[in-house]
Amino acid sequence: MYPHYAYLPTVNGYYYQSAPYGQQPFREHYYRGYPAYYARQQPIRGQATWTEGGTVTQCGIPWSDNEYMTAAVGTNTPYRCGQMLEIRNISSQSPREILVKVVDRVQGYPTNRINLHRRAFAALGANPNQGVIDIEILTSPQVEPEEWGKYLLEVTQAAYPGYNVVDYKLIGTTEISPTQTRRTYEFTLQSPQERIRVQGNVVYNPANGRLISFDIKER
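The numbering used here puts the sequence shown at residues 1142 to 1360.
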């Protein structure tokens, strides 16, 4: 399932073998400066580790949910099962953000510590061989409509580690209801062997900019 991961003697056991993020120039201009929604909330500074996940979680939500953009938090933290958290990698010179869903709870984890699925860790632009990165956590993420393409780009890149996203475009926007809007994107990915297209859909509440659901699929 993960042909681009090789076992190495690290605390986590696996090393991400995708092309270095510095060799993906298409992505660079999406991460210059703070998004507008960061100014609306004081983030919590902490650290993130990564995990392969397990078959059973305390929340009853699988690690594969949310396209593996999932995380475990401490049992004594205020974070709820199923809650969406905004995670920002501040260890990188070009900080990246993702939204993750809380799917498991672990005893002994402080409020500012989070354990991400390996794909989510990699989507932050971090090499899993690092083991630990410095992060900021937003407990009530609000995303501007134009930011959803960037978010799905991160998810798509993490789902296809042997490819680089070379282009993407907004296909259309659909108002499902007054509280639900769907935006559909098409991503073009390139590997040394082939070029593929992936379609991504995100459904969010236009009133508060909060994620409801999303999916990606190869066309």
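C-beta atoms are modelled at their ideal positions from N, C-alpha and C, and glycine is treated no differently.
Practice problem: Go through the stretch 1316-1346 residue by residue and report every complete run of the beta strand (DSSP E) that reaches 3 residues or more, in order. | Solution: Inside the stretch 1316-1346, DSSP marks whole beta strand (DSSP E) runs of 3 or more residues at positions 1321-1331 and 1336-1346, from first to last along the chain.
Quiz item: Measuring CA to CA, which of S1281, A1261 and V1244 is closest to Y1292?
Solution: Indexing the sequence shown from 1 puts residue 1292 at position 151. When only C-alpha atoms are compared, the closest one is A1261.
Exercise. Return the Cβ separation of V1306 and T1297 in integer angstroms, given the expectation that the two are a contact with Cβ distance under 8 Å.
Key: Here the question's residue 1306 lines up with position 165 in the sequence shown. Here the question's residue 1297 lines up with position 156 in the sequence shown. 6 Å between Cβ atoms; contact.
Quiz item: Counting only runs that start and end within the stretch 1176-1262, where is the beta strand (DSSP E) found for 3 or more residues in a row?
Solution: 1185-1192, 1211-1215, 1225-1230, 1238-1247 and 1254-1258
Quiz item: Roughly how far, in whole angstroms, is the beta-carbon of Y1309 from the beta-carbon of G1290, given that I think they are within contact range, below 8 Å?
Solution: By 1-based counting over the sequence shown, the position of residue 1309 is 168. By 1-based counting over the sequence shown, the position of residue 1290 is 149. So it is a contact: roughly 6 Å between Cβ atoms.
Quiz item: By Cβ distance, which residues of its chain are closer than 7 Å to Q1321, with the 5 residues on each side in sequence left out?
Solution: Residue mapping note: residue 1321 aligns to position 180 of the sequence shown, counting from 1. V1344, N1346 and I1353.
Practice problem: Count the CB pairs spanning the stretch 1221-1228 and the stretch 1313-1328 that are closer than 8 Å, and state whether there are at least three. | Solution: no
Quiz prompt | Environment of K1242 [buried if 16+ CB atoms lie within 10 Å] | solution = As a first step, residue 1242 must be located in the sequence shown, where it is residue number 101. When all chains shown are included, K1242 counts as buried.
Quiz item: G1195: buried (16+ other C-beta within 10 angstroms of its C-beta) or exposed?
Solution: The residue you call residue 1195 lines up with position 54 of the sequence shown. Classification for G1195: exposed.
Quiz prompt | Continuous alpha helix (DSSP H) stretch holding L1265: start and end | solution = Against the sequence shown, residue 1265 aligns to sequence position 124. Careful: L1265 lies outside any alpha helix (DSSP H) and carries neither H nor E.
Exercise. Check the DSSP bridge columns for K1358 and list the partner residues they point to.
Key: In the sequence shown, counting from the first residue as 1, residue 1358 sits at position 217. Beta-bridge pairing links K1358 to Q1340.
Quiz prompt | With 16 other Cβ atoms within 10 Å as the buried cut-off, status of P1251 | solution = Position 110 of the sequence shown, counting from 1, holds the residue named residue 1251. Answer is exposed; the Cβ neighbour count stays below 16.
Practice problem: Sort T1325, A1264, N1253 and Y1326 by Cα distance to P1184 and report the nearest one. | Solution: Within the sequence shown, the letter at position 43 stands for residue 1184. Of the listed residues, the one whose Cα sits closest to P1184 is N1253.
Practice problem: Express the C-alpha separation of T1280 and S1332 in angstroms, rounding to a whole number. | Solution: On the sequence shown, position 191 is the one that residue 1332 refers to. On the sequence shown, position 139 is the one that residue 1280 refers to. Note on geometry: alpha-carbon atoms of S1332 and T1280 lie some 36 Å from one another.
Self-check item: Start and end residues, alpha helix (DSSP H) containing E1295
Solution: Taking the sequence shown and counting its residues from 1, the one referred to as residue 1295 is at position 154. Unbroken alpha helix (DSSP H) run through E1295: W1289 to A1300.
Quiz prompt | As assigned by DSSP and simplified to three states, the class of N1305 | solution = Counted from its first residue, the sequence shown places residue 1305 at position 164. Three-state DSSP puts N1305 in a strand.
Exercise. Can you grab the Cα-Cα spacing for the pair E1288 / E1327, in whole Å?
Key: For the purposes of this step, residue 1288 is taken as residue 147 along the sequence shown, with counting starting at 1. For the purposes of this step, residue 1327 is taken as residue 186 along the sequence shown, with counting starting at 1. Those two C-alpha atoms are separated by around 15 Å.
Quiz prompt | Whole-angstrom distance between T1190 and R1336, CA atom to CA atom | solution = Walking along the sequence shown from the start, residue 1336 turns up at place 195. Walking along the sequence shown from the start, residue 1190 turns up at place 49. C-alpha separation (whole angstroms): 32 Å.
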